[in-house]
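*Asks:* Read top to bottom, the protein sequences are chains A and B.
For this note's numbering, add 35 to where a residue sits in the first sequence, where the first one is 1.
For this note's numbering, add 59 to where a residue sits in the second sequence, where the first one is 1.
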Amino acid sequence: MEVFLFYLFAVVAVAAALGMIFGRNAAHAVLLMVVNFSMLAMLYLLLGAPFLAMVQIIVYAGAILVLFLFVVMLMGQDPGPLWEQMKLQRPLALLLAIAMIALLVPVVSGRNILGAQFGDPVRPFSSDPHALAEGLFGGYVLPLETIAIILLTAMIGAVVLAKRDAYRTKREELLNLDEV
Amino acid sequence: MEPLSLAPITTTHYLLLSAVLFSLGTMGVLLRRSALIVFLSIELMLNAVNLSFVALARQVGGIDGQVVVFFVMTIAAAEVAVGLALIVALYRTLGTTDIDRASELKG
Numbered sequence: 036m037e038v039f040l041f042y043l044f045a046v047v048a049v050a051a052a053l054g055m056i057f058g059r060n061a062a063h064a065v066l067l068m069v070v071n072f073s074m075l076a077m078l079y080l081l082l083g084a085p086f087l088a089m090v091q092i093i094v095y096a097g098a099i100l101v102l103f104l105f106v107v108m109l110m111g112q113d114p115g116p117l118w119e120q121m122k123l124q125r126p127l128a129l130l131l132a133i134a135m136i137a138l139l140v141p142v143v144s145g146r147n148i149l150g151a152q153f154g155d156p157v158r159p160f161s162s163d164p165h166a167l168a169e170g171l172f173g174g175y176v177l178p179l180e181t182i183a184i185i186l187l188t189a190m191i192g193a194v195v196l197a198k199r200d201a202y203r204t205k206r207e208e209l210l211n212l213d214e215v
Numbered sequence: 060m061e062p063l064s065l066a067p068i069t070t071t072h073y074l075l076l077s078a079v080l081f082s083l084g085t086m087g088v089l090l091r092r093s094a095l096i097v098f099l100s101i102e103l104m105l106n107a108v109n110l111s112f113v114a115l116a117r118q119v120g121g122i123d124g125q126v127v128v129f130f131v132m133t134i135a136a137a138e139v140a141v142g143l144a145l146i147v148a149l150y151r152t153l154g155t156t157d158i159d160r161a162s163e164l165k166g
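1) Please report the straight-line C-alpha distance between B:ALA110 and A:VAL143, rounded to a whole angstrom.
2) Distance cutoff 8 angstroms, beta carbons only. Does A:MET36 sit that close to anything in chain B?
3) Do you know offhand how far A:SER73's Cα is from A:PHE57's?
4) Assuming B:PHE129 is part of the alpha helix (DSSP H), what are its boundary residues?
5) Use the C-beta contact count for B:SER162: other C-beta atoms within 10 angstroms, 16 or more gives buried, fewer gives exposed.
6) I'd like to know whether the C-beta atoms of B:THR156 and B:ALA94 end up nearer to each other than 8 angstroms.
7) Determine which residues share a DSSP beta bridge with B:ASP157 and list them.
8) Does DSSP put A:TYR95 in a helix, in a strand, or in coil?
9) Have a look at A:LEU66, A:PHE86, A:ALA51 and flag the residue whose alpha-carbon is nearest the alpha-carbon of A:LEU104.
10) Name the chain B residues that come within less than 8 angstroms of A:SER73, Cβ to Cβ?
11) For a cutoff of 8 angstroms on Cβ pairs, would you count A:MET55 as touching chain B?
12) Please specify which runs of the alpha helix (DSSP H), each continuous and at least 4 residues long, are wholly inside the region 36–69 of chain A, giving them in chain order.
Structure representation (structure tokens):
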């Protein structure tokens with residue numbers, strides 16, 4: 036059962052990613068990414084991380100992609116520009132993707148990464164929110180506070196960037212006043 | 060190759076899927092000219108790495124991998140907020156999101 040579910044989620048995720056990369060419509064691309072992220076959330080469930088699966092759906096599919104959709108709505112539809120500028124860009128990019136996969140496959144198929152061999156049975160552990168909270172507020176409390184500061188910075192930055200027109204108008208006003 | 064059989068799903072399967080998704084994201088970043096699609100491909104790459112973190116957390120048996128995934132998701136949210144504000148500002152200035160047109164600093 037797990038085998039079937041894994042392949043189902045994996046194939047749909049890869050298909051959605053391909054559809055996003057080769058699609059023409061920005062809104063379709065965002066919706067295909069919703070599918071992709073939902074499949075990843077299901078894979079997290081298979082991997083025994085239920086809290087992360089829910090956080091994935093809430094944060095990624097529910098907040099980040101909604102932001103993307105807002106921007107797509109704001110900007111209207113791109114008139115479908117040509118993809119590549121260089122003559123050989125598309126074959127080269129495909130070659131790069133194939134080379135990346137070819138280089139990564141022997142690395143992840145290796146038997147002794149991180150001291151644990153991949154043939155070993157996995158070690159299940161309690162991954163409920165309690166255990167995650169113990170990790171977050173235990174050993175990782177400093178990165179947690181840093182991330183809070185990063186979020187604050189991002190909020191301020193987004194507001195500043197969005198209010199740019201008002202700033203420019205005010206500056207022009209002041210300059211005109213100087214000329215008089 | 061062993062992982063491609065119908066054997067029980069090991070960590071290697073998840074890492075292979077993560078590698079494929081990461082490479083697809085890279086291809087998207089290199090190929091597309093719309094700033095939005097490039098940004099979406101970057102998010103795809105981040106998610107691929109998240110998947111490999113969770114898979115290895117299960118393999119090693121510690122919660123650290125999932126804590127890192129939590130951090131990556133938070134940072135991705137912050138990055139998307141700022142990045143989308145930048146894209147909107149770019150669109151207001153240039154009139155298009157074609158990244159090849161954003162070449163003011165070009166030699």
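Using N, Cα and C, we set each Cβ at its ideal position, and we do this for glycine too.
Note that this is a predicted model, so its numbers are computed, not measured.
*Replies:* On the basis of the coordinates in this document:
1) Reading off the sequence, residue 110 of chain B comes out as Leu, not Ala. Each residue's alpha carbon lies about 13 angstroms from the other.
2) no
3) 20 angstroms
4) 123–153
5) exposed
6) yes
7) B:SER93
8) helix
9) A:LEU66
10) Chain B residues near A:SER73: none, gap ~11 angstroms exceeds 8 angstroms.
11) yes
12) 37–57
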